[in-house]
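2 protein chains.
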Amino acid sequence: MAKTDFKKHIRTVPHFPKKGVMFRDITTLLKDANALKEVADEMAGYYLKKPYSIDKVVSAESRGFIFGAILAKELHAGFVPLRKPGKLPAKTIREEFDTEYSKDAFEIHEDAIQKGDKCIICDDLLATGGTSKAAIRLVEKLGGEVKSLFFLIELEFLNGKEKLKGYDVFSLVKYDKE
Amino acid sequence: MAKTDFKKHIRTVPHFPKKGVMFRDITTLLKDANALKEVADEMAGYYLKKPYSIDKVVSAESRGFIFGAILAKELHAGFVPLRKPGKLPAKTIREEFDTEYSKDAFEIHEDAIQKGDKCIICDDLLATGGTSKAAIRLVEKLGGEVKSLFFLIELEFLNGKEKLKGYDVFSLVKYDKE
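Going line by line, the protein sequences match chains A and B. Under our numbering, the letters of the first sequence match residues 95 to 272, in that order. Under our numbering, the letters of the second sequence match residues 95 to 272, in that order.
What follows is the structure, given as structure tokens:
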């Protein structure tokens, strides 16, 4: 259990980005130096206890970059961005996926992952799991090994974890209903 | 002077995103754990020597988030994202600006900065300075004090620094020609 009640730092904005959705706004947590430090310590602490060491932390734009970059630094790993189509300048592979709201795709540089690299996929939010599943496919296509997935927030009622069966999933804050 | 030659880790991709542009690709640096750590140490080291302490690190999506988040963690500051219009869920203010390639705008949450907050604006790239100038206006409108701007890369031939006169600017890697 985390010492801090991270939920206290997360603002809920009703009806964003569309009617009926309770948006979990993490900017109120990010701007709090102590809360941000504690998230970093919790993330890193969890992985530093593992028997493996991590080569790459992989994160999707844009909010995923925030925790992914910090985690990479803390674990002394490299950082690999997944980006919307057309943003990465060198040779890429692409995966399409469905999100809670839309259809989308991510690309990864072909040379971002070496065969056998131990990877964490790091994102702010686990919703339906579509984004994460695409991230897993991209990493595995390049020969990387997905050791774990980290999420700041897990929306348990969307059952995203079902899509990630067989993978270690660590989330700091869970919401069991909308 | 940095011990590491960071330029060695930056890949140049000609004609991206359009003909005639030499794109400086930082993904090759990010994926290298040692280079990423050294960037983090250089950034933090520069600011830890200053006589002030930083309350907020402010960064524009998406690549800016990577270094901004790490710097916020290293300085024990809060992190404030600037986002494209419509992405932030609570009350925002907006600034428009011209980039090297286009016209665009950023928003910031009104409650992201407290009056008197000492801020660093952190981005991957200083090009024409349009983005940074908009970031400065947003922070200052909310009563924050811009103590410094950090860039991983400065494209000196675009004279972005001219737009930032009167502000402390720290960039790790400089290109004096396209």
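Don't be surprised by glycine CBs; every beta carbon is placed ideally from N, CA and C.
Requested in this report: Taking Phe251/A as part of the beta strand (DSSP E), name the residues at either end of that continuous run.
Outcome: Unbroken run through Phe251/A: none, as it is neither H nor E.
Query raised in the report: So, using beta-carbon positions, are Lys102/A and Ala206/B closer together than 8 Å?
Result: no
**Report entry** Alpha-carbon to alpha-carbon, Gly158/A and Ile215/A
**Finding:** 9 Å
Query raised in the report: Can you list the beta strand (DSSP E) stretches of 3 or more residues lying completely in the stretch 151-225 of chain B, in chain order?
Result: 172-176, 186-192, 197-203 and 212-220
Query raised in the report: What do you reckon, are the CB atoms on Val107/A and Pro108/B nearer than 8 Å?
Result: no
Query raised in the report: Alpha carbon to alpha carbon, how far is Gly172/B from Ala127/A?
Result: 4 Å
Requested in this report: Flag Ser156/A as yes if its beta-carbon sits less than 8 Å from any beta-carbon of chain B, otherwise no.
Outcome: yes
Query raised in the report: Cys198/B versus chain A: which residues are under 9 Å apart at the beta carbon?
Result: This sequence places Asp at residue 198/B; Cys is not what is there. Neighbours of Asp198/B on chain A: none; closest Cβ ~14 Å, over 9 Å.
Query raised in the report: According to the neighbour-count rule (16 or more other Cβ atoms, all chains shown, within 10 Å of its Cβ), is Arg188/B buried or exposed?
Result: exposed
Query raised in the report: Which residues in chain A sit within 8 Å of Asp270/B, going by Cβ to Cβ distance?
Result: None at all; the shortest Cβ gap to chain A is about 21 Å.
Query raised in the report: From Leu176/B to Glu256/A, what distance separates their C-alpha atoms?
Result: 33 Å
Query raised in the report: Based on the DSSP secondary-structure assignment, which residues constitute the bridge partners of Glu239/A?
Result: Lys212/A
Query - Neighbourhood of Lys209/B by C-beta distance below 7 Å, restricted to the same chain and skipping five residues each side - result: Gly237
Query raised in the report: What three-state label does DSSP hand Asp119/B in the structure shown?
Result: strand
Query raised in the report: Mapping DSSP to helix, strand and coil, what is Lys101/B?
Result: helix
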